[in-house]
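**Student:** Those protein sequence lines, which keep their order, are chains A and B.
In this text, residue positions in the first sequence follow our numbering: the first is 174, and each later residue adds one.
In this text, residue positions in the second sequence follow our numbering: the first is 174, and each later residue adds one.
Structure incoming, see below.
2 protein chains.
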Amino acid sequence: MKFLKALFLLENDFEDLEFFYPYYRLKEEGIEVVVASSDRETKIGKHGYTITPDLIYSEVIPEEYAALVIPGGKSPERVRVNEEAVEIVRKFADKVIAAICHGPQLLISAGLVEGRKLTSWIGIRDDVKAAGGIYEDREVVIDGKIITSRMPDDLPAFCREILKKLGIRK
Amino acid sequence: MKFLKALFLLENDFEDLEFFYPYYRLKEEGIEVVVASSDRETKIGKHGYTITPDLIYSEVIPEEYAALVIPGGKSPERVRVNEEAVEIVRKFADKVIAAICHGPQLLISAGLVEGRKLTSWIGIRDDVKAAGGIYEDREVVIDGKIITSRMPDDLPAFCREILKKLGIRK
Numbered sequence: 174m175k176f177l178k179a180l181f182l183l184e185n186d187f188e189d190l191e192f193f194y195p196y197y198r199l200k201e202e203g204i205e206v207v208v209a210s211s212d213r214e215t216k217i218g219k220h221g222y223t224i225t226p227d228l229i230y231s232e233v234i235p236e237e238y239a240a241l242v243i244p245g246g247k248s249p250e251r252v253r254v255n256e257e258a259v260e261i262v263r264k265f266a267d268k269v270i271a272a273i274c275h276g277p278q279l280l281i282s283a284g285l286v287e288g289r290k291l292t293s294w295i296g297i298r299d300d301v302k303a304a305g306g307i308y309e310d311r312e313v314v315i316d317g318k319i320i321t322s323r324m325p326d327d328l329p330a331f332c333r334e335i336l337k338k339l340g341i342r343k
Numbered sequence: 174m175k176f177l178k179a180l181f182l183l184e185n186d187f188e189d190l191e192f193f194y195p196y197y198r199l200k201e202e203g204i205e206v207v208v209a210s211s212d213r214e215t216k217i218g219k220h221g222y223t224i225t226p227d228l229i230y231s232e233v234i235p236e237e238y239a240a241l242v243i244p245g246g247k248s249p250e251r252v253r254v255n256e257e258a259v260e261i262v263r264k265f266a267d268k269v270i271a272a273i274c275h276g277p278q279l280l281i282s283a284g285l286v287e288g289r290k291l292t293s294w295i296g297i298r299d300d301v302k303a304a305g306g307i308y309e310d311r312e313v314v315i316d317g318k319i320i321t322s323r324m325p326d327d328l329p330a331f332c333r334e335i336l337k338k339l340g341i342r343k
């Protein structure tokens, strides 16, 4: 198996399943999963699950990673106000980026939405459109290497497409 | 792909990730996932996630399923006091049974532990031993078609082995 690394950008109030399902799923495939945040404090999800970041944003070397995963909840709003984090997202523009629920907020901040097909949590649908995105209400939308989904129930389709895009599953 | 069904036995206070990770994971493979419980009320996990059962125990036809999955938390203690549910577990004795965390409590009640290698949440380790089980402290233990794990962080290994046993992954 080829050695791959995936990066998660995470702050407090992340949607627990939207973090842990992809995190465990990529681990199941032998992919190294790395969590970056604004500081080293343990982060807590909306439902109380916790994870301690491996890195702070300034330590991330985007070139090391094959994919970026952006879980939803209130985390993306906290990530997007950090310019270092937004800069990381921009550096993944030619790699696999997977954003679910409120995750596309970070794609808007990074200027990656205009003219692209994507989906998101319905509550930010109008922001996606206002940023020039072509919104589709489907469990998973793929545009080039950008994969987006709407909510936890979309996780099976979301991860299936991430792993296809990484060449790990058919 | 062959058509497979998997059954989950679930009551209130289930460990949310231990239910949802396998539930979504099997869905990702196109397996039909069915949740059975003592009544049709929506069940709530320890962390607040919810799921509405598809069936009550008396409606389960074990012959329809390729695998039984028993998530942990306080759910297994509630399942095991229901004789119909314990009888379902016994009927899976020759099929794939996957139990995580407190899930093996149900295997004890069904009389499936004696002389078998298995693991569980450390807090019920002595019950597994008292029931004649050979306890191993590893992320996943396989004995015939019985697959057991200890806790949420074991989920990648747990599901990898379930899918291997079902012939879906290498």
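Don't be surprised by glycine CBs; every beta carbon is placed ideally from N, CA and C.
From a predicted model like this one, the values you see are computed outputs, not experimental measurements.
What is the C-beta distance between G221/B and F192/B, in whole angstroms, given that I count them as a contact (C-beta under 8 angstroms)?
**Tutor:** Your numbering for residue 221/B matches position 48 in the second sequence. Your numbering for residue 192/B matches position 19 in the second sequence. G221/B to F192/B, Cβ: 12 angstroms. No contact.
**Student:** Count the other CB atoms, across all protein chains shown, that sit within 10 Å of the CB of S231/A; report buried if there are 16 or more and exposed otherwise.
**Tutor:** Against the first sequence, residue 231/A aligns to sequence position 58. Exposed: under 16 other Cβ atoms inside 10 Å.
**Student:** Just mark D267/A as buried or exposed, buried being the case when its beta carbon has 16 or more other beta carbons within 10 Å.
**Tutor:** As a first step, residue 267/A must be located in the first sequence, where it is residue number 94. Burial call: exposed.
**Student:** Counting contacts by CB-CB distance shorter than 9 angstroms, is E205/A in contact with chain B?
**Tutor:** Here residue 205/A refers to the residue found at position 32 of the first sequence. With 9 angstroms as the cut-off, E205/A does not count as an interface residue toward chain B.
**Student:** G246/A and H275/A - do their beta-carbons sit closer together than 9 angstroms?
**Tutor:** The count along the first sequence starts at 1 and reaches residue 275/A at position 102. The count along the first sequence starts at 1 and reaches residue 246/A at position 73. Yes, Cβ-Cβ distance for H275/A and G246/A is below 9 angstroms.
**Student:** Sorted by chain position, which residues of the same chain lie with C-beta nearer than 6 angstroms to Y308/A's C-beta, five sequence neighbours on each side aside?
**Tutor:** On the first sequence, residue 308/A is found 135 positions in, with the first residue counted as 1. Result list for Y308/A: R298, V301 and K302, in chain order.
**Student:** Counting Cβ pairs closer than 8 angstroms, one from the segment 179–195 of chain B and one from the segment 334–343 of chain A, do we hit at least three?
**Tutor:** Touching, no, given that fewer than three Cβ pairs across the two stretches are closer than 8 angstroms.
**Student:** Quick one: does R198/B have its CB under 9 angstroms from some CB of chain A?
**Tutor:** Taking the first residue of the second sequence as position 1, residue 198/B is located at position 25. Chain A contact via Cβ: present.
**Student:** At the 9 angstroms Cβ level, is G221/A part of the contact set with chain B, yes or no?
**Tutor:** On the first sequence, position 48 is the one that residue 221/A refers to. Yes, contact with chain B.
**Student:** Expressed to the nearest angstrom, what Euclidean distance is found between the alpha-carbon atoms of K264/A and P235/A?
**Tutor:** As a position in the first sequence, residue 264/A is number 91, starting the count at 1. As a position in the first sequence, residue 235/A is number 62, starting the count at 1. Rounded to the nearest angstrom, the two C-alpha atoms are 6 angstroms apart.
**Student:** Can you give, in chain order, each stretch of the beta strand (DSSP E) that sits fully within the segment 219–252 of chain B and has at least 3 residues?
**Tutor:** Correct list: 240–243.
**Student:** At 7 angstroms on the CB atoms, spell out the chain A contacts of E201/B, in chain order.
**Tutor:** Taking the second sequence and counting its residues from 1, the one referred to as residue 201/B is at position 28. In chain order: P329, C332 and R333.
**Student:** Short of 7 angstroms Cβ to Cβ, which residues in the segment 180–192 of chain A face chain B?
**Tutor:** Result list: D189 and L190.
**Student:** How many Å lie between R289/A and I261/B at the Cα?
**Tutor:** Along the first sequence, read from residue 1 onward, the residue named residue 289/A stands at position 116. Along the second sequence, read from residue 1 onward, the residue named residue 261/B stands at position 88. The alpha-carbon atoms of R289/A and I261/B are separated by roughly 49 angstroms.
**Student:** Within the continuous alpha helix (DSSP H) that includes A179/B, where are the two ends?
**Tutor:** Stepping through the second sequence from its first residue, residue 179/B is reached at position 6. No alpha helix (DSSP H) contains A179/B, which is instead part of the beta strand (DSSP E) from K178 to L182.
**Student:** Mark F187/A as exposed unless 16 or more other C-beta atoms lie within 10 angstroms of its C-beta, in which case mark it buried.
**Tutor:** Translated into positions along the first sequence, residue 187/A becomes position 14. The residue in question, F187/A, is buried, as its Cβ has 16 or more Cβ neighbours within 10 Å.
**Student:** Ignore the nearest five residues each way along the sequence and tell me which others in M344/A's own chain have a CB closer than 7 angstroms to its CB.
**Tutor:** Nothing about residue 344/A can be reported from this structure: the residues present for chain A run from 174 to 343 only.
**Student:** Verify whether the separation of the beta carbon atoms of I204/A and L339/A is less than 9 angstroms.
**Tutor:** Taking the first residue of the first sequence as 1, we reach residue 204/A at position 31. Taking the first residue of the first sequence as 1, we reach residue 339/A at position 166. Contact: yes.
**Student:** Round the Cβ separation of P226/B and V208/B to the nearest angstrom and send it over; I've been treating them as touching at under 8 angstroms.
**Tutor:** Translated into positions along the second sequence, residue 226/B becomes position 53. Translated into positions along the second sequence, residue 208/B becomes position 35. Right, their Cβ atoms sit about 5 angstroms apart.
**Student:** Taking buried to mean at least 16 other C-beta atoms within 10 Å of its own C-beta, is D212/A buried or exposed?
**Tutor:** Within the first sequence, residue 212/A is the residue found at index 39, counting from 1. Exposed, since its Cβ has fewer than 16 Cβ neighbours within 10 Å.
**Student:** Along the chain, where does the alpha helix (DSSP H) that runs through S282/B open and close?
**Tutor:** Position 109 of the second sequence holds residue 282/B. That run of the alpha helix (DSSP H) goes P277 to S282.
**Student:** When the distance is taken between beta carbons, is L183/B closer than 9 angstroms to I229/B?
**Tutor:** Sequence index remark: in the second sequence, residue 229/B carries index 56 (1-based). Sequence index remark: in the second sequence, residue 183/B carries index 10 (1-based). For I229/B and L183/B, no; Cβs fall outside 9 angstroms.
**Student:** Check whether the Cβ of Y238/B lies closer than 9 angstroms to any Cβ atom in chain A.
**Tutor:** Reading the second sequence from its first residue, position 65 is the one you call residue 238/B. With 9 angstroms as the cut-off, Y238/B does not count as an interface residue toward chain A.
**Student:** Taking a contact to mean a Cβ-Cβ separation below 9 angstroms, would you say I270/A touches L241/A in this structure?
**Tutor:** By 1-based counting over the first sequence, the position of residue 270/A is 97. By 1-based counting over the first sequence, the position of residue 241/A is 68. Yes, they are a contact pair.
**Student:** Do G344/B and P277/B have their CB atoms nearer than 9 angstroms?
**Tutor:** This structure cannot speak to residue 344/B, because chain B is shown only from 174 to 343.
**Student:** Per DSSP, I307/A forms a beta bridge with which residues?
**Tutor:** Start at 1 with the first residue of the first sequence, and residue 307/A comes out as number 134. I307/A is bridged to K290/A.
**Student:** With the cut-off set at 9 angstroms, would you say V314/B and L291/B are in Cβ contact?
**Tutor:** Numbered from 1 along the second sequence, position 141 holds the residue referred to as residue 314/B. Numbered from 1 along the second sequence, position 118 holds the residue referred to as residue 291/B. Yes, they are a contact pair.
**Student:** Which bits of chain A does Y308/B rub up against, with CB to CB less than 8 angstroms?
**Tutor:** The count along the second sequence starts at 1 and reaches residue 308/B at position 135. Result: empty, since nearest Cβ-Cβ is about 24 angstroms, beyond 8 angstroms.
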